[in-house]
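Let me begin by presenting the structure, written as structure tokens, before commenting on it.
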Amino acid sequence: MKDSKKFWDDSAEKYVKSPIKDQVTYQKKLDITREYLTPQSQVLEFGCGSGGTAILHAPYVNQIVATDISDNMITIAEQRAKDANVENIRFQQGTLDQLHNADGSFDMVLGLNVLHLLEDVDDAIDQVHQLLKTDGVFISSTSLIGEVNIVFRWLISAMQWLGLAPYVSRFTRQQLIEKLKRSGFSIEKEWQTSHESVFIVAKKSGAM
Ligand SMILES: C[S@@+](CC[C@H](N)C(=O)[O-])C[C@H]1O[C@@H](n2cnc3c(N)ncnc32)[C@H](O)[C@@H]1O
């Protein structure tokens with residue numbers, strides 16, 4: 003299996019060209035997210051990919067820090083933001099564990115279509131919790147590989163072996179909810195967009 007950075011660097015150009023499959027669901031996720039945004043919001047999006055979602059949210063917030071493990075994704079995202087005349091997104095290559103000096107500084111963290119790609123999901127959720135201000139929200143949408151049927155899971159393994167699929171964590175919906183609660187989040191909204199994917203708004207509660 004290719005390491006994650008190489009997989010996503012190699013996939014960046016193709017990923018950018020692939021259209022969003024379900025525009026209605028995507029728009030609803032944007033709308034729900036905006037319910038939690040204000041012109042003062044400081045937002046982090048990790049695993050931002052080619053920056054499309056950050057660019058759409060940028061007019062509604064003060065500042066977005068958008069990060070991704072892939073240099074190629076970041077290069078494409080920077081160009082797209084420039085083309086769209088968006089100036090309040092700071093793109094940077096990297097992973098969550100490189101953001102420790104920003105602990106307690108975000109009103110919202112977005113992790114869209116990325117949680118299932120992380121090797122240590124528990125640690126990532128703990129880190130997101132630390133990065134948020136009290137009462138800040140973590141908005142995630144993720145595939146639930148643990149809910150996927152056995153044939154499809156076998157196919158994923160075969161594709162990984164051939165270098166055609168990235169690393170994936172195999173958690174279920176229930177396991178994800180438990181991880182979030184263990185880290186100190188309360189679940190504000192949960193929308194199971196299909197049997198194998200979920201959209202969650204989780205709040206960092208005051209008292210731990
Ligand atoms: C499926 S894409 C989703 C991109 C974007 N969030 C979206 O919804 O279109 C997954 C992204 O996560 C990035 N990624 C994978 N592993 C990562 C990690 N450990 N830390 C940060 N980004 C990662 C990849 O480079 C890729 O851009």
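With the numbering used here, you'll find the sequence shown wraps up at 210, consecutive numbering, no jumps. Where a beta carbon is used, it is the ideal one built from N, C-alpha and C, also for glycine. As the structure is a computational prediction, the values presented were derived from the model and not from experiment.
If you run the structure through DSSP and keep just helix, strand and coil, what is residue i?
| i | result |
| --- | --- |
| residue 116 | coil |
| residue 86 | coil |
| residue 20 | coil |
| residue 39 | coil |
| residue 198 | coil |
| residue 49 | coil |
| residue 173 | coil |
| residue 185 | coil |
| residue 97 | coil |
| residue 121 | coil |
| residue 111 | strand |
| residue 207 | coil |
| residue 67 | strand |
| residue 6 | helix |
| residue 142 | strand |
| residue 137 | strand |
Tell me whether the beta-carbon of residue i lies closer than 8 Å to the beta-carbon of residue j.
| i | j | result |
| --- | --- | --- |
| residue 113 | residue 93 | no |
| residue 53 | residue 91 | yes |
| residue 67 | residue 98 | no |
| residue 57 | residue 88 | yes |
| residue 144 | residue 185 | no |
| residue 181 | residue 127 | yes |
Would residue i be called buried (16 or more neighbouring beta carbons within 10 Å of its own) or exposed?
| i | result |
| --- | --- |
| residue 197 | exposed |
| residue 37 | exposed |
| residue 161 | exposed |
| residue 59 | buried |
| residue 159 | exposed |
| residue 142 | buried |
| residue 22 | exposed |
Cα separation between residue i and residue j?
| i | j | result |
| --- | --- | --- |
| residue 207 | residue 193 | 20 Å |
| residue 170 | residue 104 | 27 Å |
| residue 118 | residue 151 | 16 Å |
| residue 41 | residue 154 | 43 Å |
| residue 64 | residue 163 | 43 Å |
| residue 108 | residue 165 | 35 Å |
| residue 49 | residue 72 | 9 Å |
| residue 190 | residue 204 | 5 Å |
| residue 179 | residue 172 | 14 Å |
| residue 12 | residue 149 | 28 Å |
| residue 8 | residue 101 | 21 Å |
| residue 43 | residue 137 | 12 Å |
| residue 175 | residue 74 | 31 Å |
Continuous beta strand (DSSP E) assignments of at least 3 residues falling wholly in the region 144–171
none
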